[in-house]
Structures are given as structure tokens and as C-alpha cells.
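Single-structure report; data block below.
2 protein chains.
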Amino acid sequence: MMLGRHVVVDVPTAAAADVRRPAARVPVPPPRPFLQTLWSTVKETLFPDDPFRAATREPTRGRRAFAVLRYLIPCLDWVPSYSLSTLRSDLVSGLTVACLAVPQGISYARLAGLDPVIGLYSSFVPALVYAVLGSSRELAVGTMAVGSLLFASMLGAAAPPAQEPALYAALAFTATFFAGAFQAALGVLRLGLLVDFLSHAAIVGFMGGCAVVVSLGQLKGFLGLEHSTHANDAPAIVANVVSQSAHWQWQPFVLGVCLLVFLQITRYISKRRPKLFWTSAAAPLVSVVFSTVLVYLINGEKHGIATIGFVKKGINPLSANSLLLSSPHTWLAAKTGILTGIISLAEGSAVAKSFAMAKNYHVDGNKEMIAFGAMNMVGSCTSCYLTAGPFSRSAVNSDAGCRTAASNVVMALAVLATLLFLTPLFRHTPQVVLSAIIASAMMGVLKVRAAAHLWRVDKVDFFVCLGTFLGVVFRSVEVGLVVAVAVLVLRILLSVARPRTTALGRIPDSTVYRRMDQYTAAQGTPGVLVLRVDSSIYFANASYLQERITRWIDDEEGRIRAAAAGGEESLRCVVLDMGAVASIDWSGTKMVEDLKNSLDKRGLQTALANPGSEIMRKLDISKVRQLIGEQWVFLTVAEACDYAYNNCNIGTELQIAASPDEMV
Amino acid sequence: MMLGRHVVVDVPTAAAADVRRPAARVPVPPPRPFLQTLWSTVKETLFPDDPFRAATREPTRGRRAFAVLRYLIPCLDWVPSYSLSTLRSDLVSGLTVACLAVPQGISYARLAGLDPVIGLYSSFVPALVYAVLGSSRELAVGTMAVGSLLFASMLGAAAPPAQEPALYAALAFTATFFAGAFQAALGVLRLGLLVDFLSHAAIVGFMGGCAVVVSLGQLKGFLGLEHSTHANDAPAIVANVVSQSAHWQWQPFVLGVCLLVFLQITRYISKRRPKLFWTSAAAPLVSVVFSTVLVYLINGEKHGIATIGFVKKGINPLSANSLLLSSPHTWLAAKTGILTGIISLAEGSAVAKSFAMAKNYHVDGNKEMIAFGAMNMVGSCTSCYLTAGPFSRSAVNSDAGCRTAASNVVMALAVLATLLFLTPLFRHTPQVVLSAIIASAMMGVLKVRAAAHLWRVDKVDFFVCLGTFLGVVFRSVEVGLVVAVAVLVLRILLSVARPRTTALGRIPDSTVYRRMDQYTAAQGTPGVLVLRVDSSIYFANASYLQERITRWIDDEEGRIRAAAAGGEESLRCVVLDMGAVASIDWSGTKMVEDLKNSLDKRGLQTALANPGSEIMRKLDISKVRQLIGEQWVFLTVAEACDYAYNNCNIGTELQIAASPDEMV
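Those sequence lines, one after another, are chains A and B. So the first sequence is numbered by full-length UniProt numbering: it starts at 1 and just counts up by one. So the second sequence is numbered by full-length UniProt numbering: it starts at 1 and just counts up by one.
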């Protein structure tokens, strides 16, 4: 139907001006040696950021070596030039984050089914490691809710934390080790692109789903219930809570709700007034202190308010010897590690990149992976479980005005102090405050607006997001992920298998050819059909493209036959605009060859416009270029149409048949 | 380095001519209702060939109905207009194919570990079904070597044909049924595109590998050995043959070699002289007759020449009741069926399409699938095993001048006659002649030339081919397939994750911008960097593209700084040529937004050239278009550069710094 606007136009002189100048022929690039091509491809695939560019710029060898060293150990970037003023701001931000880190660490550790103190350990050692190897300034290291949830659901099945805490902890350390090893491997092998395949839409849905599940999981804490369930889907959790309705208690519920409201209000304030960011940062600590004191005064244990109880003093004990590298559960731990490793990478690198963008400096994804990997591998040997760069914490860090990764060191030292001296104070801290902290943190993760935005911008993305969300909420975290990845890969394959072909027409009085369905003003050239292929041509779409192009031609000829009374010019030449064809493989060249042959049988001329150098090389090697003929390969569509118009005796019938009102 | 050719050029008036005409603004398409978009996408994905187009063209309802009927039952295309002359040529070709079908059928049945007569059955019923439903004229139905091999290797593991022939046969029928059901389902669901994902390269490698394995498997027959192995990799087969060296016999070997030479010579002749095609077609039958008579006369059984023995008379018995749809082996049968189903489809549709191309008529892949599916489902109920359209047989059919699918009917009747009257004659047919027939057929499948061509045209394709080949030869058929599919999917994902970005320059004295690395004559515009993105922008490549573009800009600024002495214009504006960007998703729009913001921070102007309508719509909804500003979205790169040149006060420094020799 879009071809209905065919009008007879005279070939503008502008086009003639561009044409048949030797410079304007499409060159065939000289054959490049295979290894060279291979190397450049590998380089482009794995080193898109050209990591050692900075080094090569340096004049002397010594400075070059130092540049490389600086690339490998990012802290060398800022340590030498570290000043007092920087220290001041890092101190402030570091301490602020610590206020958040201590309660959050304890909460998430409980969420993961681990001893609370492990949560504190995990904010100590890994933070130091990251300070040395990490290249982001704002990222604040710590445990993440989603990771903790995944640990609980995947490892808990093999070793219920309540029954076999020791085995469970060992499993957690092992999984952390595998996560670190996997992350480091990805970084060293420069496979950052794996993370790219987790689309933002999928992550939003995934995080949202986890948030719902985690928040529901806190009901248990709010109602002061004992028995939890290992199932991690919403229905099971709710059922479990309801089934214990006999044991519901109002005291922890009231306390919890009050704390939750307090936390939400502070978050709201800090959102509204960026200068008051510290309110939301300090709120968790405040509520912990307040509730602890309260419980201590009213002797809450007696009133059914469960407390954390004894938290042991001292810094991280070594846990390297408790890694289970050859047990029946090793494979499970590895699976958990790889899965959580990828997810924490996805969140971490997203956080690092977004802050780097805001402050306008560059973060190397692969280096981040190595830093994450190192901090998890070291962590797994020092009684820490999975750590990453959670957004909430990093946001606080950057709001508090951190300047370098040193803020992580400050936080680590603050946590160290806590470990050494303050842990006994948590004895009376009620568990419900932890539930409140978790729940309020999770509410920040539910991005309803983002989902709505998705619906408006991209329906497919929205359904990816929704599918992932529902998968996580109603089945399990793993199912949600599988759904997401499956849909995304399917989408890629489909988009590859069904590229778009469009008919082009000329924008009046110019040499510019554009899609007729987009530009209503575009006019077709009589006797010439210009088709544009919008993707690489290869095995996955070659046969489809051939069918589709044939159909374009059938439709066009049918239309002309219908309009024959009007003396419409019959089709003589088909011009393929190869401008958007990035690459072509054997099936592709064969397709072009077959197409050329079948067009010849129909008495139609085939012309190519603006093929890229790779295309030209392959068409040349496979002798298709010679088949089509040098003179039928053009630099621009305008030239092609112009040449076809003059050389396919178009316009001969025209003089007789055309009625004047069709002339423009 | 390609940017080194930057030269100061005056903005040509030709460009000015095209620009700032209302018609030349890039329109934002009106939002389309979601369901409409969805429907058109589905239609384009599943019905690219618009099957009922012919019907809609018909004037009266009756004729429309008939057109639909004709679409569903292709034989209605030729039956009404069937003439005596057509019958004559179909008779000739049908009988010729029968000469090939009978010995091949018996041979392949033995290859599949089935009773020889089942091979004959399989050339009877399915051929009739295809004659009714098939839309190809040349395709000759029959069993295929690769399918037989796969049956033997996959089903043989569960039920050794020698020990439990009954169970094995039942499994074979069941697998055939599943293959048919799967093929029909693909056809009905219009999922022909699944087959597209088996690239030609993979198929060449796969077939070649199977050919090698099958040929080696025939050594057993040539040497008159009893014990065979179930392993289907070359090493195991050779080892098995060598291990029995004590029992090697010279008589069958001599006979077999003579026959093989004879078959090869006839093939060679028919290749050289197309008019003598019948030599290769008749050769198998001739050699069977000759060897049978010979063995009968010299009483070969006594001299250790094993014969086929008794082959029972009569037409296909029903086998529907022996289908194992609920046995422990059902899943295995289903797996085998689906695998062989896809492979036979790949070969079959390739054959049908290539012949249709040669004779310039159209074959509908999905209809072919339904035909294949029907013929295998019916076949599985009438004691036939997997059938398809093997190339060798179809080639003979078309050489023999077949005109319609009726030649399949003729062949089927000839086979029927054989089944009714001639089977006793095979009593003395030596097994070695079957081995010779198979081996010589397989030699035709080894396409060394094609592989060499692949190496020249496309290295990746070559390695896909080689990997598949080696996988099949040294591990197993399944491994080979897995290798192929894995490499292909990986290739697609990589090509999606790492699209190419190139810098464009203007072809002198024109408004045409082309890749600087391809066109040595292309010149950059001072102060403007034109980048072209060569693929859709979405989650899989968004972050990569951002990094890559940033790197382009860094390099460019570095280059300018280096050439600063030469009074080179400093960078003011970055133009993104979106012409080749077919689609964009949320991550994509976010990427453009982030890029715009970071460029603003660097004091660079961002401009878009030639975005497609989908792109415009999404940029508009996500407010990115407004962020960039209407006036910075252009129809062509030339306009963008032109406008930027006049509005980014470029050329101000120029007047002072530039030395005359840089002016063109």
C-alpha cells in the first residue's frame, strides 16, 4: 500500500552531479590475512575499551610501566595525590555509611540464614580489598538483600540453617568463593559482555520480585513467629504465616510498624531534601539503638519480643579450611555462586557505571569484575559471604560526599571498631527492627514507575520485566531468571531471523532516498523498486529475506498491473540498498546470487547500492559481484536509480501511455 | 588512524540545497495501538510469505474457496491439468527413480538396523502421501542415510537390533511418528524459521561427517564380518574392524570393490554427460542383479559371501498398534524423532527450494513441513521408518525429466510391484552389494569443494563446518550437532553484542557521507565527528556502544590535540548516523540519553541523523528527542554537518590558525 504513491518524477540533476566520478565507485578492499582479521575481531570483542591506551601514550618506559601498574591497581590513581580535604570528606561519608552498614549487615546476614556477626565481617575485609582494586569512587561495599535471599533459598534446601548451621555456613563460604572465582575469571577473560545480556528490564523485574518475596518474608519477624519455610514463593510464605496465626503476637508487630514508619519518613525526607540525606542514612542505626534501649528497659524478651542475643566479639576468623571443594554439595555451591555472582555483578557494575556517568569519569567493567572477584575470594577465606556494591549504600556514600574509595576503608575501620567493642550491645536488639530495616530497604527496590515507563516505551521489555517479576514472586528466584534469559535470547534470535525490509523513495528535489512508510513525501522512481535490508544477512535470515524480497517484487508488479491503465511504467530494475547490512556470510552471498538469478529469469535488472567493505570483499570472493556486474554496484541509491533509469530503457512506453496530469 | 585524513573542506552548496525544507524534517510517527503492532509483528514473523494472497485476488467466493483448497492440497494444482505428455515424462522418471529406490531402500534399512523389507515399505506409502500434499515437483521421497544412521546410533543403544529386533522396530516406528508429528507441528505453527538456524555450513559439515562414519561402517560388509559395534565414531568403528582381522574374507571384499568401482564410474559418466544420467540411476539395480546372479551361480554363500536371505512378500502391514507411546523408551524415541525430524526437514526443504529455484517456481517451506509430517505420521502406522527427500534421488528424478509429483506415484507403484512379486529374487543378493551402494552414495555427500569455498569466503562458517564434521566423526552425531548449534548461536549473540561503529566522511563535492576506512577519498568536516552505528541498539550492546562511542571521541580529541599546531579545528559536535539502527529498546534509549548528558558535560553538541520511525517514536516517548532538541535531529548526515558547522561557531579559530596549504 505504501507503494501507492508512485509518481513519475524527472531524474534531478543533483543526482547526476554526484554520479560516475572515479572517486565514487565502491572499492573492493584488499584481502586481509586471516590472522589479522581474527586478531582485530578478538581485540574489538574482548578489549573494546583498549585498556592500555593510556600506557602507550607515555613517553618513557618507566612511566609506561607505572601506567600499566596503575591500570592493574586503581588505588595508585588517588593514593599519591591524597590530601587532607579529601580525607575529611571521605571520613564523613565513610562514617555515615558505617551507620547504615552495621544494622544492614546484621539484617541481611539473618536474611541469608547466617550468624549476624558474619554480616559485620562481610563489611570489613571485602571493603578493604575493594578500596585497593576497585575503580569506582562512590561504590560502597556490602552484602545485598537479593544475594542473601538466593543463598537462603538455594543452599537452605541442602542444609537447613536452623538444623545444621555449621554446614550451612561452610556452604555459604564455598558459594562465595565460587562467586568470586567466577567473577574474577569473567574479568580476566574480558567477558563483561555476559553481564550485558541481563537486560535492564529483566533486572528491574527480578529485583522487584525479590523485594516482594523478601518483604513478605519479614512478616514472620513482625509477628514474632518461630517457624519459617524454605519455600521462597509468595504463596508459600503467606500460607506459612497464616498457618501460625495462633502464635501471632502484637508487641513486636506494633514496635516493627512504628520503626518501619519512622524509616520510611526519613527516607521520604532525604529524598525531598538532598541536604538532609543523612536522615535516611542514620535512621537504621537510630532505630536499632532506640529499640534496643526500649527492649532493655521494658525487658522485652518477657513480652515475646525476640532479640538477636549474644553476638561474639573479635575480627574475622579464617574460614579457608572450611571451604567444601570436594563434597556432595560442591556443585550446588558452585551453581549458587555463579548465579549470585552474575547478579551481584549486574547490580554492582550498573551502580558503578551510573555514578561514574554522573561524575563524568570512566569505570572499566572488566576491572570492576576482577575487584569484585578478589573481594569475594578473599572474603570467603575470612568468614565473609557474598558482597557487592548495593545501590542504597552507594547512594548514601555519594550523597555524603565521598571523594575516593578511601571512604570504604573508613567504613571498614568503623565496622572493625564495632566488632571489637560494640557487639555485646546488640544483645538486646529486637529481631523485629532488623525485619523493619530490611522491609523498608526493599520498598525502595520496587520500581513501579520504571515498569510503567517500560510499558510506554517498549512493550516487549515490559513483558520481560513482568514475566521475571511474576516468575520470582510465584515460582522461585531461579525460575524468574530462566524466564528472563529465555525471553531475551528468543527476542534476539527472532530479531535476527526476521529483519525488516523497506521500500525507499526519493525526497522531492534531493538525492536522498528514505523509507516510503516513514516519509509521506518520498516518491518512487518509475520502473525501479528500491529495497533496503535493515540487518546483516546470514544463515538465520537468508532464506526469509529472499522470500520477502520476492514478495515485495510480486506486490509491486501486481500494483503496476492494476494501475496499467494509467500508463504506469512496468518494473525493470530492483535496487538493493545494502547500506545497513553490516556483515554477510556464505548463506548470505548465496542468497544474493540466487536472487540475482531468479530476477534475471523474470527479466529484471539487479543493482546494489552502498555495500560496506566486508560485503564487497565477500561478494567479490564468492564471484557474486562479477555475476551482478561492476557497473551495477553503486555508491548511492540515487546513482543506482539514475543509472537504471537511463540504461533499462525506462520511459520508452511512458511517452505514449502517460497522461500529462501524472507528470510533476 | 583512519581519522588522520581530516581536511578542512568548505560546506558544499549541494548540501545546503537539500536542507531545512519542511518535507525534509524527520517525522515522529503517530503512536500505533499495541495490539496492531503486535499483530503485524506476528504476521511478519510467522507468515512472511502471506500464504492466502493468491486467494484474496480471486473475484468470486467460490473461486476463493477453491484457491484456499488448492493452497491446502497442492496436488490440485496439477491434477486437473494433467496431460498424456506429462504422464509420459513422469512415467520415465518414476521408473528410473524406482530402479534406485529399491536397492537404496534395502541398503538404508540395513544401515538403520531394520528388516530390509521395511526399506521397501518406506518407499511406497510415504511417496503416495507426498504426491498429494507436497508442493515440490522434483523431490523424490525415500529413506535417507543420515536418518538411518541416527536411528541406529540413538535407538540401538536402548534396544540392540540384533538381539531384540521387534522392540527395535517398534522404537523406530515410534521415533518416525514423533518426527512426523514434530514436523507437522512446525509447519502448522509456521515455525519454519527453526530450520533456518541450521546454517548451510553446519549442514555441509554434518553430512560430511555422517558420510565418513557411514562409509567406514561399510568396511564390515566389505570384509564379511559378523560382529558390529554400536559406537558410531570413526575410531571405535575402525578398532572394531581391526580387532576382527582374523575373520577378514577376501571374496566379499573383491566383489564389493569391483561393484564400488563400477558405481563410481557410472556416477562419473552421468556427471560428465547429463544425457547419460540414467547410467548412475540404473547402476545400483544393475549391480544388485549382476551380483545376485553371480552369487547364485557360484553358490557364494559357501564362499563366505553373506546374502540378504528371505525377504517376505506383500504390502505394508499396519504398525499403528506397535507404537510405544507410554513405555520407558518413549522419551528416547521422541528425542530421536525430533532430532532426525529437524535434520530431514533441513535437507528436504533445501532440496525442494534449490530445485524450485532452478525451475523458477515457489515452494512454501511450511507446507513442505506439513507434507513431510503427514507422510511420516502415516508411514509410522504402515511399517515405514523416517522418510524425506534425499538429494541424490531427487536429482535423478529431475534429470529423468519429471514434470509433477506424479513421478512419486509411479515410483511407489513400481515398488509395490516389487513388494508383491520380486522380493524372493533378493534371496541370493549379497550384503556386500548393499555396502557398496551405500558407500558410493556417501562419497557423493562429502563436499570437499564446498568446504574449501567456505574457507575462502567465510572463516567462521568454515570452522562451524569443520567443528561439526570433527564432532560427528570423532565423538558422535549428537555431539556434532550440539557443536554446530552452539557455535552458531554464540556467533549470533556476539555479532549482536559487538556491533560495528565507523567514522564517516564526505565524498568530495557531494552530499554523500561514507565510511572513512572504506573510502579513502572521504573527508571529515572540521569540528564535527560523524559516527555510524551499524545495528539495532538494545540491552545486549547498549553499554558497549556507549563505551565505544566515548572512545571514538577520545581518540578524535587526542588526534586534534596532537595536530593542534596545524590549527586543526577542535571538536564541537558529534553526529550519530542512525540510518542503520533498525530498532531500539529501553536500554538503547537510556544509552542515547546518557551519551547526550556526558557529551554535554564535555561541551560537545549531540546530533542525530536519519533515525527510522520506530527510533523516532521511542526517542519521543522516552523524552530523549526533546532532550536532544528537535533542531538537532536531521534527515541526512550532510544536513547535520552543515547545520553544526554554522551553529557551533566552528571556523572561528580557523581564520587565525589555519595555514593556507590546508585549504582545499
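Idealized CB from N, CA, C, for every residue including glycine.
Counting every other CB atom within 10 Å of its CB across the protein chains shown gives residue 27 (chain A) a total below 16, marking it as exposed. Closest option to residue 34 (chain A), judged by alpha-carbon separation, among B:643, B:468, B:463, B:562: B:463.
Listed in chain order, the beta strand (DSSP E) elements of length 3 or more contained wholly in the UniProt domain "STAS" (518 to 644) of chain B are 528 to 533, 573 to 577, 605 to 609. DSSP links residue 506 (chain B) through a beta bridge to B:513, B:523.
For residue 154 (chain A), the nearest beta carbon of chain B is not closer than 8 Å to its own beta carbon. A direct Cα-Cα distance of roughly 8 Å separates residue 106 (chain B) from residue 118 (chain B). When B:370, B:231, B:222, B:165 are compared, the shortest CA-CA separation from residue 250 (chain B) is found for B:222. Following the DSSP letters along the chain, one finds residue 150 (chain A) inside the alpha helix (DSSP H) bounded by residues 145 to 158.
Contact annotation: residue 461 (chain B) and residue 199 (chain B) have beta-carbon atoms nearer than 8 Å. For residue 160 (chain A), no CB of chain B lies under 8 Å from its own CB, so it is not counted at the interface with that chain. A distance below 6 Å between beta-carbons, with the five flanking residues on each side excluded, links residue 315 (chain A) to the following residues of its chain, in chain order: 419. Considering only B:69, B:617, B:170, B:373, the residue with the shortest C-alpha distance to residue 30 (chain B) is B:617. Looking at the DSSP output, residue 307 (chain A) bridges to A:430. Secondary structure at residue 382 (chain A): coil, using DSSP grouped into helix, strand and coil.
Counting C-beta pairs with one atom in each stretch, the stretch 332 to 349 of chain B and the stretch 166 to 179 of chain B have three or more that are closer than 8 Å, which means they touch. A distance below 8 Å separates the beta carbons of residue 621 (chain A) and residue 456 (chain B). Per DSSP, reduced to three states, the secondary structure at residue 387 (chain A) is strand. In the DSSP assignment, residue 240 (chain B) falls within the alpha helix (DSSP H) that extends over 234 to 243. Using a Cβ-Cβ cut-off of 8 Å, residue 357 (chain B) counts as an interface residue toward chain A, since at least one Cβ of chain A sits closer than that to its own. Against chain A, the CB of residue 537 (chain B) has no partner CB under 8 Å away; the residue lies outside that interface. When CB distances to chain A are screened at a threshold of 7 Å, the residues of the stretch 183 to 196 of chain B falling below it are 193, 196, in chain order. Looking from the CA of residue 167 (chain A), the closest CA among A:404, A:37, A:329 belongs to A:329. With its beta carbon less than 8 Å from one in chain A, residue 519 (chain B) belongs to the interface.
Annotated as distal: residue 114 (chain B) and residue 538 (chain B), with beta-carbon spacing of 8 Å or more.
Among the residues facing chain A, residue 343 (chain B) is not included, as its CB has no counterpart in that chain under 8 Å away. Separation of the CB atoms of residue 473 (chain B) and residue 209 (chain B) is rounded to 5 Å, and the pair is thereby assigned contact status at 8 Å.
Where residue 167 (chain A) is concerned, the enclosing alpha helix (DSSP H) starts and stops at 165 to 188. With respect to the C-alpha of residue 122 (chain A), the residue from A:40, A:535, A:380 having the closest C-alpha is A:380. By the C-beta density criterion, residue 72 (chain A) is exposed, having fewer than 16 other C-beta atoms within 10 angstroms. Taking the Cα positions, residue 522 (chain B) is about 30 Å away from residue 589 (chain B). At a cut-off of 8 Å, the C-beta of residue 547 (chain A) has a neighbouring C-beta in chain B. With 16 or more neighbouring CB atoms inside 10 Å of its own CB, residue 644 (chain A) falls in the buried class. Listed along chain B, the residues sitting closer than 7 Å to residue 586 (chain A) by beta-carbon distance are 200, 201, 454, 457, 458, 461. Nearest CB-CB separation between residue 259 (chain B) and chain A: not below the 8 Å threshold. Among the residues of the stretch 42 to 73 of chain B, those with a Cβ less than 9 Å away from any Cβ of chain A are 44, 45, 48, 49, 50, 53, 57, in the order of the chain.
Here residue 142 (chain B) carries a strand assignment [DSSP, helix/strand/coil].
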